[in-house]
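A short write-up of the structure that comes next.
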Amino acid sequence: MHIPVLLNATVDALAVKPGGVYIDGTLGRAGHAREILARAGAGSTLVGIDRDEQALEESAEVLKAFPEARIETVHGRHGDIAEIAGEKGIGEVDGILLDLGVSSPQLDESERGFSFQGDGPLDMRMDRSRGLTAADILATGDEASLAEMFRTLGEEPQARRVARAIVRARAERTIATTAQLAGLVERTIGRHGAHHPATRVFQALRMAVNDELGELERALDGALPLLRAGGRIAVISFESITDRVVKRFFADHAGKTVSLQQGGTRWEGRLPRVRLVTRHAVKADEEERGMNPRARSARLRAAERV
Numbered sequence: 319m320h321i322p323v324l325l326n327a328t329v330d331a332l333a334v335k336p337g338g339v340y341i342d343g344t345l346g347r348a349g350h351a352r353e354i355l356a357r358a359g360a361g362s363t364l365v366g367i368d369r370d371e372q373a374l375e376e377s378a379e380v381l382k383a384f385p386e387a388r389i390e391t392v393h394g395r396h397g398d399i400a401e402i403a404g405e406k407g408i409g410e411v412d413g414i415l416l417d418l419g420v421s422s423p424q425l426d427e428s429e430r431g432f433s434f435q436g437d438g439p440l441d442m443r444m445d446r447s448r449g450l451t452a453a454d455i456l457a458t459g460d461e462a463s464l465a466e467m468f469r470t471l472g473e474e475p476q477a478r479r480v481a482r483a484i485v486r487a488r489a490e491r492t493i494a495t496t497a498q499l500a501g502l503v504e505r506t507i508g509r510h511g512a513h514h515p516a517t518r519v520f521q522a523l524r525m526a527v528n529d530e531l532g533e534l535e536r537a538l539d540g541a542l543p544l545l546r547a548g549g550r551i552a553v554i555s556f557e558s559i560t561d562r563v564v565k566r567f568f569a570d571h572a573g574k575t576v577s578l579q580q581g582g583t584r585w586e587g588r589l590p591r592v593r594l595v596t597r598h599a600v601k602a603d604e605e606e607r608g609m610n611p612r613a614r615s616a617r618l619r620a621a622e623r624v
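Going by the numbering used here, the first residue of the sequence shown is number 319, and it counts up by one from there.
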């Protein structure tokens with residue numbers, strides 16, 4: 319069962335208005351979208367975007383509970399949020415949600431290749447209709463590029479060592495399954511602490527396969543101009559690297575006031591300007607972390623266009 323993370327905190331941060339217009343850029347199983355529609359009520363509009371066709375099929379059943387709302391679901395990428403809004407005739411919106419990372423159902427299905435908890439093909443594509451798989455990247459990347467990927471996207475301290483081991487192993491046998499990769503990483507760097515040693519490597523591969531940083535940056539750039547004055551954007555991230563991108567982006571648009579030598583002040587920052595709704599990242603409380611382990615790494619940030 320998929321449990322939406324930081325549900326009430328996220329929808330509260332969006333300050334949902336009756337009859338409002340909303341975009342869920344990462345619809346998933348519509349857990350957050352359902353709560354947005356429940357609060358927005360009759361006459362509201364929701365555009366839900368997701369790369370995963372299976373998620374769109376399942377969310378369609380959930381969204382049938384809101385016949386008095388205009389609901390459009392789109393098989394696409396949240397990086398294309400501005401273009402999709404234009405295609406759907408959406409001008410200004412009251413709120414935008416991005417729930418980043420991989421969903422619980424994707425992790426639980428071993429054939430998707432996102433997790434080493436069960437053995438499956440090294441796929442990791444959120445959209446299985448296009449792009450390279452994780453196995454493709456492991457088979458073609460040289461040692462330097464693999465190490466850079468593990469270091470930057472996974473923040474793996476032994477990135478070079480892991481990359482070297484992969485290049486050596488693939489010369490003898492194709493690395494095609496999650497169990498193969500997880501076992502190779504564990505043999506290479508050993509097991510230390512509570513987390514599996516392959517955790518960072520799997521994160522880096524998943525983010526590379528789906529271009530998650532590029533998609534996030536495009537989504538943020540496209541989202542802010544869509545917000546009407548007073549409209550809000552909320553972003554949930556699960557890795558420190560994506561949380562830093564969101565934090566920096568919001569800070570740049572919130573800007574700062576600087577004192578001038580000749581007297582007075584001036585605002586400096588990127589446009590459109592926003593007000594930070596969350597000064598610090600909002601985290602799940604102890605009760606939610608106990609009910610939903612995935613919530614432990616969740617970080618929510620929100621901003622309002624001014």
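In this text, a Cβ means the ideal position worked out from N, Cα and C, and glycines have one as well.
Model, not experiment: these values are computed from the prediction.
Between which residues of its own chain and residue i is the CB-CB distance below 6 angstroms, once the five residues before and five after are set aside?
i	result
L425	F432 and S433
G449	R443
G359	P336
V600	A327 and L618
V334	I354, R357 and A358
Let me check you understand the geometry: is the CB of residue i closer than 8 angstroms to at least one non-hydrogen atom of the ligand SAH?
i	result
L324	Among the components of this structure there are no ligands whatsoever, and the ligand SAH is therefore not found.
Looking at residue i: is its Cβ nearer than 9 angstroms to the Cβ of residue j?
i	j	result
A465	T492	no
I399	V339	no
G540	E353	no
R623	K565	no
I321	A403	no
A572	V323	no
E386	G366	no
V576	A331	no
S377	P336	no
A351	L374	no
T451	D460	no
L534	L418	yes
L538	I551	yes
L416	H393	no
T506	V485	no
E379	S447	no
D437	R369	no
L364	R388	yes
Can you name the residues that DSSP bridges to residue i?
i	result
L594	A621
H393	D368
L531	Partner(s): none; L531 has no beta bridge.
R388	T363
R584	V576
P439	T495
V600	L618
Are there 16 or more other CB atoms within 10 angstroms of the CB of residue i, so buried, or fewer, so exposed?
i	result
Q498	buried
T285	Past the edges of the chain, shown from 319 to 624, lies residue 285, and the structure says nothing about it.
H513	exposed
T496	buried
A383	exposed
M609	exposed
G508	exposed
N326	exposed
R430	buried
P515	buried
R524	buried
E530	buried
G582	exposed
L578	exposed
Q521	buried
S421	buried
Along the alpha helix (DSSP H) that carries residue i, what are the first and last residues, could you check?
i	result
K574	First-last for K574: K574 to S577, but that is the beta strand (DSSP E), not the alpha helix (DSSP H).
L415	Where L415 is concerned, there is no enclosing alpha helix (DSSP H), although the beta strand (DSSP E) it sits in stretches over V411 to D417.
R479	A477 to R488
I341	Where I341 is concerned, there is no enclosing alpha helix (DSSP H), although the beta strand (DSSP E) it sits in stretches over V339 to D342.
I402	I399 to E405
H350	G349 to A358
N326	L325 to L332
L464	E461 to G472
Whose C-beta lies closer than 7 angstroms to the C-beta of residue i among residues of the same chain, with five residues either side of it excluded?
i	result
A526	I455, M467 and L471
F568	V592, L594, R619 and A621
A487	I493 and L502
A477	A465, F468 and R469
V563	L531, L534 and E535
How is the beta strand (DSSP E) around residue i delimited, first residue to last?
i	result
T495	No beta strand (DSSP E) holds T495; DSSP gives it neither H nor E.
D426	Where D426 is concerned, there is no enclosing beta strand (DSSP E), although the alpha helix (DSSP H) it sits in stretches over S422 to D426.
G549	L545 to S555
T458	From DSSP, T458 is part of no beta strand (DSSP E) but of the alpha helix (DSSP H) over A452 to T458.
I'd like the list of long-range same chain contacts for residue i, defined as Cβ closer than 8 angstroms, with 5 residues on each side in sequence excluded.
i	result
G549	E410, V411, D412, G413, I414, E622 and R623
L589	H571
K574	W585, E586 and G587
Would you verify that the beta carbon of residue i is, or is not, closer than 9 angstroms to some beta carbon of chain C?
i	result
I559	In the structure shown, chain C cannot be found, because there is only a single protein chain.
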